[in-house]
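For the sequence shown, the positions run 1 to 92 when my numbering is used.
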Amino acid sequence: MSIRVRFLSAFQDLTEGRKVFTVEGDRVLSALQDLEGQVPGLREKLRLSEGTIHPAYHLFLLRKGRQLLCQDLHQALEDGDELVITPVISGG
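(1) Check whether the Cβ atoms of Cys70 and Val23 lie closer than 8 Å to each other.
(2) From the DSSP secondary-structure annotation, give me the bridge partner or partners of Ser2.
(3) Could you tell me the boundaries of the beta strand (DSSP E) in which Thr86 lies?
(4) Write down every uninterrupted run of the alpha helix (DSSP H) in the region 34-87 whose length is 4 residues or greater and which is fully enclosed by it, in chain order.
(5) Leaving aside the five residues before and after Ala31 along the sequence, list all residues of the same chain whose C-beta is less than 8 Å from its C-beta, in chain order.
(6) Assuming contact is defined by CB atoms lying nearer than 8 Å, are Asp81 and Leu61 in contact in what I supplied?
Printed below as a string of structure tokens:
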């Protein structure tokens, strides 16, 4: 199934400024693996050695008008879902 992945101000050096990718996958993990195949070097920056998302980034799942923080990489995806990758923002 076709899933859209959007980058919000993250990894522009790796994506050459491209912000939207189309990937295939029935779960978040398989979609990320497809994306990592399209964007060399992404896995090393986005995920920790054990495979979880690096704490400096958030992964959101957009589905039918709802935005959910995606913490389960085995979350099932539906056709038309969108994943959004954004850096964690902090301030003082």
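No residue lacks a Cβ here, since even glycine has one placed at the ideal position from N, Cα and C.
Bear in mind that the values here come from a model prediction, so they are computed numbers and not experimental data.
In short, the structure shows the following:
(1) no
(2) Glu24
(3) Glu82 to Pro87
(4) 42-46
(5) Ile3, Val5, Val23, Glu24, Gly25, Leu77 and Leu83
(6) In this structure, the beta-carbon distance from Asp81 to Leu61 falls below 8 Å.
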